[in-house]
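Report on the structure given below.
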DNA sequence: ACATGTGAAAAAATTCACAGCA
DNA sequence: TGCTGTGAATTTTTTCACATGT
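Protein chains in written order, with this note's numbering: chain G, 1 to 223; chain H, 1001 to 1223.
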């Protein structure tokens, strides 16, 4: 019998969960999946923390936001903790998603293998370039961006990924919001403005490089 | 006369600068460059913060880690602050870099236009696949990964980008370290272990999607 | 008048340290 | 014994609020 929620109804309105905690949760999940692939059945906060560069207390405190998942004196059963974290993150559900902008980055995202394991399925691509429309790339149909609202509704798309140039990003974001996606990941190097009820995450490849440059210039090893 | 450093020698050993501060610095820089492109000569902590969703005090405190860059009663001169931040981040230098792994993502990175504006120049690609070696993609020569050490030294490559499958990432990281790169950006979905003196940043596309899933499931709008 | 820069206060996140259970 | 879960202490980060400079 898994101790899934000996106390807390997993993600109650207790307190706002810091974004950093959610990010670490994803790292724990990734590490747990590697552990299972390597044949481990159980692990501990100490082992998990060591692999990722966190303290054992941090691992336990992070999990404590959501419930009690371990066995005192023993540790955590990997498969149970994986399922618990997937439930918390929502990656045990199906997430139909669309990529908008089929340039170099858009194509790379269409072919990325890592999404399917966490419930993300790319069910449409969009572009304004007539030479791409109607084609199928990596098994995904590419539509005219003018069809976005229709296709998002027909295919029940919940998440949109913006991979267009900066100048077009806000307009694409507006179209995705109008089509009623629930969340947006923005790869364009610009800040987009969205209504409160639409979640978003921004990823800027140049900014990641800038972080490494700073770390090097200041001789830091941080990750 | 810019007030560049009325007090602090920009990035002294005062105190460790939080990673979150450095990340926001990159966002300020991006926003300032958009402001200049839009014709603004000056801005203020309030305006900058509003565009990015931070308070004015936060913007000022972040900059205060590195010196005094503003004019009381006036604000900041965009061009001066841009140069100051570029100096802090180190993006006013030249950063020869290499992409290891010329799959979908590697190719997208080779063609990414956003790097050159911040001093990053891709001067080599590496792959183990004989059909790619010797070719030129997006104007970048692709070498056999066995040549990594030689090429890194010949071309004075300072940063390495890992875009290989998870199973090969640690080995590639070790090769980059042996070739004496100063920093590594890892796109493989695995935690890599590096010596203390090599800086690193990890970017996992699936984890970014997981963050959006969590935000949606918990009806958050955070970015 | 207006916006910076900065001590002081407040809030948040992390680490400590130990009771309790397997 | 070994490891979790968690209050308490500590450290870090953010916000406040105002003296200072233009």
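We put the CB at the ideal spot given by N, CA and C, even for glycine. The structure presented is a predicted model; accordingly, all values stated were derived computationally and were not measured.
Do you know offhand how far residue i's Cα is from residue j's?
i	j	result
residue 206(G)	residue 73(G)	45 angstroms
residue 1129(H)	residue 1102(H)	9 angstroms
residue 1013(H)	residue 155(G)	Unreliable positioning characterises residue 1013(H) in this predicted model, as indicated by a pLDDT of 45, which lies under 50. The coordinate reading is nonetheless provided below. Taking the straight line from one Cα to the other gives about 54 angstroms.
residue 1110(H)	residue 1187(H)	14 angstroms
residue 180(G)	residue 1091(H)	38 angstroms
residue 220(G)	residue 1204(H)	21 angstroms
residue 1160(H)	residue 200(G)	29 angstroms
residue 1057(H)	residue 1079(H)	21 angstroms
residue 1048(H)	residue 151(G)	36 angstroms
residue 196(G)	residue 1157(H)	43 angstroms
residue 1018(H)	residue 218(G)	12 angstroms
residue 1191(H)	residue 1100(H)	17 angstroms
residue 1211(H)	residue 27(G)	11 angstroms
residue 1133(H)	residue 1139(H)	14 angstroms
residue 146(G)	residue 1115(H)	30 angstroms
residue 1117(H)	residue 1107(H)	19 angstroms
residue 214(G)	residue 1168(H)	27 angstroms
residue 1075(H)	residue 194(G)	27 angstroms
residue 1189(H)	residue 1016(H)	28 angstroms
residue 1034(H)	residue 50(G)	41 angstroms
residue 1153(H)	residue 1144(H)	15 angstroms
residue 178(G)	residue 198(G)	11 angstroms
residue 121(G)	residue 40(G)	28 angstroms
residue 4(G)	residue 52(G)	Here residue 4(G) scores only 44 on pLDDT, less than 50, and its place in the model should not be relied on; the value that follows carries that caveat. So the alpha carbons of these two residues sit roughly 24 angstroms apart.
residue 1135(H)	residue 67(G)	53 angstroms
residue 1036(H)	residue 1202(H)	31 angstroms
residue 38(G)	residue 30(G)	12 angstroms
residue 1083(H)	residue 1093(H)	11 angstroms
residue 1131(H)	residue 131(G)	27 angstroms
residue 1069(H)	residue 69(G)	49 angstroms
Based on DSSP bridge pairs, tell me the residues matched to residue i.
i	result
residue 1099(H)	1125(H), 1161(H)
residue 56(G)	Beta-bridge pairing links residue 56(G) to no other residue.
residue 1043(H)	1076(H)
residue 1200(H)	1184(H)
residue 144(G)	127(G)
residue 71(G)	75(G)
residue 1136(H)	1141(H)
residue 1120(H)	1095(H)
With C-beta atoms as the reference, is residue i less than 7 angstroms away from residue j?
i	j	result
residue 1095(H)	residue 1119(H)	yes
residue 1142(H)	residue 1127(H)	yes
residue 1025(H)	residue 1085(H)	yes
residue 1105(H)	residue 1163(H)	yes
residue 1148(H)	residue 1081(H)	no
Nearest CA to the CA of residue i: which residue from the options?
i	options	result
residue 1062(H)	1215(H), 1176(H), 1112(H), 1088(H)	1088(H)
residue 1216(H)	184(G), 152(G), 209(G), 212(G)	184(G)
residue 23(G)	54(G), 75(G), 209(G), 41(G)	54(G)
residue 1209(H)	112(G), 151(G), 77(G)	112(G)
residue 1077(H)	1044(H), 1121(H), 1211(H)	1044(H)
residue 1065(H)	1098(H), 1020(H), 1214(H)	1020(H)
residue 1046(H)	1034(H), 1060(H), 1212(H)	1060(H)
residue 1097(H)	1190(H), 1069(H), 1123(H)	1123(H)
residue 1071(H)	1042(H), 1211(H), 1036(H), 1146(H)	1042(H)
Original post:
Quick check: the region 171-179 of chain G against the region 1167-1178 of chain H, are there 3 or more CB pairs under 8 angstroms?
Top reply: The region 171-179 of chain G is not in contact with the region 1167-1178 of chain H.
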